[in-house]
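J.: These protein sequences, in sequence, are chains L and G.
The end of the first sequence is residue 120 by the numbering used here, with every number in the run present.
The end of the second sequence is residue 120 by the numbering used here, with every number in the run present.
Below is a structure I'd like to ask you about.
2 protein chains.
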Amino acid sequence: MAPMENITYQKWLSQFRKGYLELCVLVALRQRKSSYGFELLQTFENAGLEINEGTLYPLLNRMQKNGWLTSRWETPVDSGHPRRFYQLSKEGKTLMSAMLTAYQDHEHTLTQLKELK
Amino acid sequence: MAPMENITYQKWLSQFRKGYLELCVLVALRQRKSSYGFELLQTFENAGLEINEGTLYPLLNRMQKNGWLTSRWETPVDSGHPRRFYQLSKEGKTLMSAMLTAYQDHEHTLTQLKELK
DNA sequence: AATAATACTTTGTAATGCAAGGTATTATAT
DNA sequence: ATATAATACCTTGCATTACAAAGTATTATT
């Protein structure tokens, strides 16, 4: 059985991404200062994370609605399709720190479990 | 703002546990060979992971239904409340390996994102 | 003129963590 | 002897999110 082709594994993977994707967006925006959906999709893909458009765009909207991000429309200098650029808000930065801590806690828990006797 | 008290953070944390809890159960059962719900709750708590009863018991049922676990009822030797003991199935072991790989992939992706320029 | 690429949006479905409440048995304290 | 706590498991309903699929609009390429 090749796990990657297993439906049950794919479903689990979808669930496993919940919450994780928000953290990825926050970290990417911390590094980039500012970015937009399409660029983030490519950034994630380069980092080994392929996610669906229909996942990212609603995610960005939710995160803004929650006050973690701010956004503004911007048209490329020469011409080109307008882009919605997102930035971290103060709350977004605070939350990102908490999330990174939670991430480390999870790592720590898993390590503990692996060492169970 | 203390993140732990923030509702928006708590909600995120619930989402973040999705998928992760399955991996924890699989790893704990790999180490323990055999265990039951109530004991797993304590094991997780000792490992720094507090989860709700109403989360774990349905989770164990689902995992068995999916064929990842097998179970049998057992009553303590002296007397005591009967317990449903769970064990990893062959499929469960295979899937656990795939999940651990996915976990590492996520770690790797996050590291990449943290190093973005 | 047609196609591809860029860029974002919307809708419906499946899945899961959690709170809250419930059942039953055994052990402990009064 | 009685009440309480601890052990052990189960069920229901809710809120949330990843995804597939389909859609809109603009710009670039063939």
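We put the beta carbon where it would ideally sit given N, CA and C, even for glycine.
1. What is the DSSP secondary structure of L119 of chain G, reduced to helix, strand or coil?
2. Secondary structure at T78 of chain G, three-state DSSP: helix, strand or coil?
3. Starting from R87 of chain L, trace the alpha helix (DSSP H) in both directions and tell me its first and last residue.
4. Tell me the start and end of each unbroken beta strand (DSSP E) in the region 26-57 of chain L that is at least 3 residues and wholly inside, in chain order.
5. Can you give me, in chain order, the residues of the region 63-93 of chain G that have a beta carbon less than 9 Å from any beta carbon in chain L?
6. Are the region 26-42 of chain G and the region 51-63 of chain L touching, with three or more C-beta to C-beta distances below 8 Å?
7. Return the CA-CA distance between L103 of chain L and T114 of chain G, expressed in angstroms with no decimal places.
8. Residues of chain G with CB closer than 9 Å to the CB of K96 of chain L, please, in chain order.
9. Near S37 of chain L, what residues of its chain come up, given a Cβ to Cβ distance below 8 Å and the 5 sequence neighbours on each side ignored?
10. Taking E25 of chain L and W15 of chain G to be in contact with their CB atoms under 8 Å, please state how far apart those CB atoms are, rounded to whole angstroms.
11. Could you please give me the residues that DSSP links to L72 of chain L through a beta bridge?
12. Straight-line CA distance for M4 of chain L to K93 of chain G?
13. Quick one, which of G:S100, G:T97 and G:G22 has its alpha-carbon nearest L63 of chain G's?
14. Does the beta carbon of E25 of chain G sit closer than 8 Å to a beta carbon anywhere in chain L?
15. Can the beta-carbon of L116 of chain G be found less than 8 Å from the beta-carbon of V30 of chain L?
16. Taking only the alpha-carbon atoms, compute the straight-line gap between Q34 of chain L and G95 of chain G and give it to the nearest angstrom.
17. Taking just the CA atoms, how far does Y12 of chain G sit from E110 of chain L?
18. Helix, strand or coil for K96 of chain G, going by three-state DSSP, please let me know.
19. Taking L52 of chain G as the query, report the chain L residues whose CB atoms sit under 7 Å from its CB, ordered along the chain.
20. Grouping DSSP H, G and I as helix and E and B as strand, with all else coil, what is N9 of chain L?
21. Evaluate R20 of chain G with the Cβ neighbour count: other Cβ atoms within 10 Å of its Cβ, from every protein chain shown; 16 or more gives buried, anything less gives exposed.
T.: Taking the definition as stated:
1. Locating residue 119 of chain G in the second sequence gives position 116, counting from the first residue. Coil, per DSSP.
2. Indexing the second sequence from 1 puts residue 78 of chain G at position 75. T78 of chain G falls in the coil class under three-state DSSP.
3. Taking the first residue of the first sequence as 1, we reach residue 87 of chain L at position 84. Run containing R87 of chain L: none in the alpha helix (DSSP H); it sits in the beta strand (DSSP E), R86 to L91.
4. Whole beta strand (DSSP E) segments, 3+ residues: zero.
5. Listed by position along the chain: N69, G70 and W71.
6. Proximity of the region 26-42 of chain G to the region 51-63 of chain L falls short of the contact definition, fewer than three beta-carbon pairs being nearer than 8 Å.
7. Locating residue 103 of chain L in the first sequence gives position 100, counting from the first residue. Locating residue 114 of chain G in the second sequence gives position 111, counting from the first residue. Answer to the nearest angstrom: the Cα atoms are 11 Å apart.
8. Locating residue 96 of chain L in the first sequence gives position 93, where the first residue counts as 1. In chain order: nothing, as chain G lies at least about 11 Å away.
9. The sequence position of residue 37 of chain L within the first sequence is 34, counting from 1. So the qualifying residues of the chain are F88, Y89 and Q90.
10. Counting from one through the first sequence, the residue named residue 25 of chain L turns up at place 22. Counting from one through the second sequence, the residue named residue 15 of chain G turns up at place 12. The C-beta distance from E25 of chain L to W15 of chain G rounds to 6 Å, short enough to fall under 8 Å.
11. For this step, residue 72 of chain L is matched to residue 69 along the first sequence. In the DSSP assignment, the residues bridged to L72 of chain L are L:L91.
12. Your numbering for residue 4 of chain L matches position 1 in the first sequence. Your numbering for residue 93 of chain G matches position 90 in the second sequence. Residue placement at M4 of chain L is flagged as unreliable, the pLDDT there being 47, under the threshold of 50; the coordinate-derived value follows with that caveat. Approximately 11 Å between the Cα atoms of the pair.
13. Along the second sequence, read from residue 1 onward, the residue named residue 63 of chain G stands at position 60. Minimum Cα distance to L63 of chain G is reached at G:G22.
14. Reading the second sequence from its first residue, position 22 is the one you call residue 25 of chain G. At least one chain L Cβ lies under 8 Å of E25 of chain G.
15. What you label residue 116 of chain G is simply residue 113 of the second sequence in a count that begins at 1. What you label residue 30 of chain L is simply residue 27 of the first sequence in a count that begins at 1. The Cβ-Cβ distance between L116 of chain G and V30 of chain L falls below 8 Å.
16. As a position in the first sequence, residue 34 of chain L is number 31, starting the count at 1. As a position in the second sequence, residue 95 of chain G is number 92, starting the count at 1. Roughly 38 Å between the two C-alpha positions.
17. The sequence position of residue 110 of chain L within the first sequence is 107, counting from 1. The sequence position of residue 12 of chain G within the second sequence is 9, counting from 1. In this structure, the CA atom of E110 of chain L is about 18 Å from the CA atom of Y12 of chain G.
18. For the purposes of this step, residue 96 of chain G is identified with residue 93 of the second sequence, where counting begins at 1. Collapsing the DSSP output to three states places K96 of chain G in a helix.
19. Translated into positions along the second sequence, residue 52 of chain G becomes position 49. Those are T112, listed as they occur along chain L.
20. Here residue 9 of chain L corresponds to residue number 6 of the first sequence, with the count starting at 1. Here DSSP, grouped into helix, strand and coil, assigns N9 of chain L to coil.
21. The sequence position of residue 20 of chain G within the second sequence is 17, counting from 1. So R20 of chain G counts as buried.
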